[in-house]
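Asker: Sharing a structure with you now.
Laid out in structure tokens, this is it:
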């Protein structure tokens, strides 16, 4: 059996992100040299949904913290266990790590980087990273660079690494393709929504004219039902990242056709919103008390309310009308109900449904397929890495 190796033997470079004093809020610019933060480390690959940039000059002054294609980026504090690699087809060749990350360069004659990242996403791999986390105070890795290099694991020959990783990459490629299709379908829906509102000349209405806010739904105490908590509500896309079935013990209730909107800071600003269209007929699910539920009135396509909830002007209105103490501010359902928008005719709503509903049906199909593919991948991954299943 192949013996364990220490990561230090296959690491060619490792460096932490810049100290806080070297990268402040005032350092950021609207466009320029990309900065990776925790939002870009949600999966195996560093994603290009970037929101932070610095000037080229600033980035070069922090050159030790620049990660390049093929490098691995690991979270030091905050959401621990995040580890992703920068793919060869990434949008940018170089990225600046944030203060809460470190980057690692591996000897690519010995390490197939996707394989290593796949390993660190398994239960065993996560335990090895979290084994040197602080046990008190703010979650953080203790002496992250030193301890990461000391991690020991079994590393097969690189040809076998690539062979094993190819199975997972195939599944991931299909998941990514479905996600890109959904992003395109959603952009089409938003564009049609914007054009329809811009062209209408029927005056104005408010949200409560076309939607029931927090409608009454029936679930008995301790009744087993699907639950979608706040962590499952997506910041982009219409479909939640998953759910669990558990006894109902309170929370907002919803059914197919409803749109969920987070009403509390920072979830509202981050865009936590979902469209519910995957439940069984007549099924009622539940979730956080911090949701506002928008249910369409008769004649209003349910997808219309989701497009409205994602509309930048609507989100800006909701954020500006939050109340409460700092850090715990909320917008009320009553305030949402008073948002003013152009009034569509019944014919406009029919037209909207004819165009947009089929797009959402395709998005639902792709999203459900991705849930199944994710479950298959997550079940296969540890078995492939351990050798329990041969490729």
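Residue numbers (the working numbering): 65 to 455. Backbone N, C-alpha and C define an ideal beta-carbon position, used for all residues, glycine too.
For residue 173, which of 159, 88, 134 has the nearest alpha-carbon?
Answerer: The candidate whose alpha carbon is nearest that of residue 173 is 134.
Asker: Can you list, in chain order, the residues of its chain whose CB lies under 8 Å from that of residue 413, leaving out five sequence neighbours each side?
Answerer: Excluding sequence neighbours, residue 413 sits near 363, 364, 365, 368.
Asker: Would you mind reading off the limits of the beta strand (DSSP E) that contains residue 290?
Answerer: Residues 288-292.
Asker: Just to check my reading of the structure: residue 226 and residue 176 have Cβ atoms closer than 8 Å, yes? What is that Cβ distance to the nearest angstrom?
Answerer: Rounded, the Cβ-Cβ distance is 5 Å, consistent with contact.
Asker: Out of 351, 345, 282, 164, state which residue places its alpha-carbon closest to the alpha-carbon of residue 336.
Answerer: Nearest of 351, 345, 282, 164 to residue 336, Cα basis: 351.
Asker: Going by other Cβ atoms of all chains shown within 10 Å of its Cβ, with 16 needed for buried, is residue 422 buried or exposed?
Answerer: Per the 10 Å Cβ criterion, exposed.
Asker: Using only the alpha-carbon positions, how far apart do residue 271 and residue 410 sit?
Answerer: Straight-line Cα distance between these residues: approximately 15 Å.
Asker: Output the residue ranges of the alpha helix (DSSP H) runs that lie fully inside the region 346-374 and measure 4 residues or longer, sorted by chain position.
Answerer: DSSP runs (the alpha helix (DSSP H)) wholly in the region 346-374: 366-374.
Asker: Alpha carbons only, please: which of 293, 342, 258, 243 is nearest the one belonging to residue 430?
Answerer: Measuring from the Cα of residue 430, the nearest candidate turns out to be 243.
Asker: Contact defined as beta carbons within less than 8 Å: I believe residue 118 pairs with residue 167. What is the distance between those atoms, to the nearest angstrom?
Answerer: That pair is no contact at about 16 Å.
Asker: Assuming residue 149 is part of the beta strand (DSSP E), what are its boundary residues?
Answerer: Per DSSP, residue 149 belongs to the beta strand (DSSP E) from 147-149.
Asker: Between residue 48 and residue 203, which are expected to be in contact by the criterion C-beta below 8 Å, what is the C-beta distance as a whole number of angstroms?
Answerer: The structure shown does not extend to residue 48, since the chain is modelled only from 65 to 455, so the question has no answer here.
Asker: From which residue to which residue does the beta strand (DSSP E) around residue 97 run?
Answerer: Where residue 97 is concerned, the enclosing beta strand (DSSP E) stretches over 97-100.
Asker: In terms of alpha-carbon separation, which member of 265, 189, 292, 259 lies closest to residue 407?
Answerer: Closest by alpha carbon: 265.
Asker: In angstroms with no decimal places, state the Cα-to-Cα distance between residue 297 and residue 323.
Answerer: Their backbone Cα atoms lie some 11 Å apart in a straight line.
Asker: DSSP state of residue 208, grouped into three classes?
Answerer: Looking at residue 208 - three-state DSSP - the assignment turns out to be helix.
Asker: Run through DSSP, which three-state label would residue 403 get?
Answerer: Coil, per DSSP.
Asker: Straight-line CA distance for residue 159 to residue 123?
Answerer: The straight-line gap from Cα to Cα measures roughly 9 Å.
Asker: Between the alpha carbons of residue 405 and residue 315, how many angstroms are there, rounded?
Answerer: If you take the alpha carbons of residue 405 and residue 315, they lie about 29 Å apart.
Asker: Am I right that residue 100 and residue 110 are in contact with their C-beta atoms under 8 Å? What's the rounded C-beta distance?
Answerer: Indeed, because the Cβ distance is near 6 Å, the residues count as touching under 8 Å.
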